[in-house]
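Here this note's numbering is used: the first residue of the sequence shown is 1, the next is one more, and so on. Structure first, then comments.
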Amino acid sequence: MNYYEYFLKCRENFEQEDKPSLEEFYKNPVVKIPIGQFGEPYTDLINDISSAVKDDFDSYVEDDIMLKHKGFWKYEGELKKISNFLVPYLENNRFGCHLHVDKIYIYRTLKLENRESSYLWHYDNNPAEIVKNIIYLNDVTEENSPFEYMGDVDKKGLIVEPSRRGPGHWRPPPNNSRLTTQQIDSLIKSGYSGIKVVGKKGLTYSFCNDTIHRANPIMSGYRDVLNIRVKPTLEKAPEYINKKWTTGFETSGEAEMNPEIAWRVE
Ligand SMILES: [Fe+2]
């Protein structure tokens with residue numbers, strides 16, 4: 001079973017009267033999460049984790065273009081509370097199925113001279129049903145590395161068909177999943193453009209990992225980000241985030257080939 005087929009099964013297995021449409025899921029892969037709905041408790045959580053993460057990174061001695069947080073589990077309580085706002089929203093309004101969190105990344109973008117790695121236009125090339133949710137932990141302007149995605153005139157994101165879709169279709173991506181300048185030029189000629197996501201601390205965006213995207217250089221300051229990645233699951237997990245099925249930078253970002261390998265308690 002590939003990820004698409006598994007996703008359909010997960011949707012069938014999720015009781016919901018008005019399911020969000022599949023077309024909306026695939027054709028509008030980048031959405032702003034209306035965090036106002038979550039109220040003050042969400043803002044308070046973001047404020048708390050934001051200042052703690054700032055202190056962590058300020059104490060790092062490395063001087064790299066990106067600092068990777070070494071131990072997000074110290075924020076297990078806060079992360080679980082944040083996911084209890086965010087993930088049900090995604091289940092009910094985006095996926096129409098149960099989800100669990102398979103990855104958490106906390107990172108700081110720092111100064112940059114040349115574009116490299118995720119600063120180039122790319123897609124992550126995991127199955128399209130794997131969705132990343134970025135939460136800015138400080139205010140982000142054009143100056144401090146806004147997330148940018150390729151979108152049409154209506155700002156709808158553009159996705160690339162991944163070369164990893166499930167067992168039987170799991171290949172390395174062409175050009176290491178980076179887009180060439182010619183490809184980007186031809187997209188721009190046909191009406192697409194880079195859309196920079198700027199906003200205040202707490203701004204939360206959800207995007208399919210195969211959306212064409214990149215980070216931008218830091219002109220001044222820094223950018224701290226919390227990235228929560230979700231995956232459809234057939235059965236409801238006891239909790240969204242758990243050491244048994246949630247990992248971070250310590251393991252590869254490549255998803256499991258078999259979508260049925262989801263959370264398990266033992
Ligand atoms: Fe990426």
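Don't be surprised by glycine CBs; every beta carbon is placed ideally from N, CA and C.
heavy atom of ligand 1 below 7 Å from Asp-124 C-beta = Indeed, a heavy atom of ligand 1 lies less than 7 Å from the Cβ.
Start and end of the alpha helix (DSSP H) containing Val-61?
-> Careful: Val-61 lies outside any alpha helix (DSSP H) and carries neither H nor E.
Using DSSP bridges, identify the partner residues of Pro-232.
-> Leu-99
Report the residue from His-213, Arg-229 and Tyr-105 whose alpha carbon sits nearest the alpha carbon of Ser-145.
-> His-213
So is the beta-carbon of His-213 under 7 Å away from any non-hydrogen atom of ligand 1?
-> yes
8 Å Cβ cutoff met for Glu-235 and His-98 | yes
Enumerate in chain order the residues of its own chain whose CB-to-CB distance from Gly-96 is below 7 Å, with the five nearest sequence positions on each side excluded.
-> Arg-11, Phe-14, Gln-16, Lys-19 and Pro-20
Could you tell me the boundaries of the alpha helix (DSSP H) in which Lys-201 lies?
-> Element bounds for Lys-201: n/a, residue is neither H nor E.
Cβ of Tyr-6 within 8 Å of Cβ of Pro-162?
-> Contact flag unset, no.
Nearest to Pro-34 by alpha carbon, out of Leu-8, Ile-106 and Asn-93?
-> Residue Asn-93 is the option with its Cα nearest to Pro-34.
Where the alpha helix (DSSP H) containing Asn-84 begins and where it ends | Element bounds for Asn-84: 76-90.
Determine contact between the segment 58-68 and the segment 196-210, defined as no fewer than three beta-carbon pairs at a distance below 8 Å.
-> no
Classify Trp-121 as helix, strand or coil using the three-state DSSP reduction.
-> coil
Residue range of the alpha helix (DSSP H) that Glu-12 falls in?
-> 3-12
Rounded distance between the beta-carbons of Ser-206 and Leu-90, thought under 8 Å | 6 Å
Look up Asp-18 in the DSSP assignment and say whether it is helix, strand or coil.
-> Correct three-state label for Asp-18: coil.
Taking Cβ positions, are Ile-135 and Thr-204 nearer each other than 8 Å?
-> With a cutoff of 8 Å on beta-carbon distance, Ile-135 and Thr-204 are scored as near each other.
Just how far apart, CA to CA, sit Met-257 and Arg-164?
-> 8 Å
Taking the CB atoms as reference points, tell me whether Glu-143 and Gly-221 lie closer together than 8 Å.
-> yes
Per DSSP, Glu-148 is paired with what?
-> Lys-196 and Arg-214
Residue nearest to Leu-79 in terms of C-alpha spacing, selected from Pro-41, Ile-65 and Leu-67 | Pro-41
Nearest residue (CA-CA) to Thr-109, options Asn-28, Asp-63 and Lys-189 | Asp-63
CB-CB length for Pro-259 against Tyr-3, believed under 8 Å | 5 Å
Given Thr-43, which residues of its chain have a CB within under 8 Å of its CB, disregarding the five upstream and five downstream residues?
-> Ile-35 and Gly-202
What did DSSP end up calling Tyr-42 once you bin it into helix, strand or coil?
-> helix
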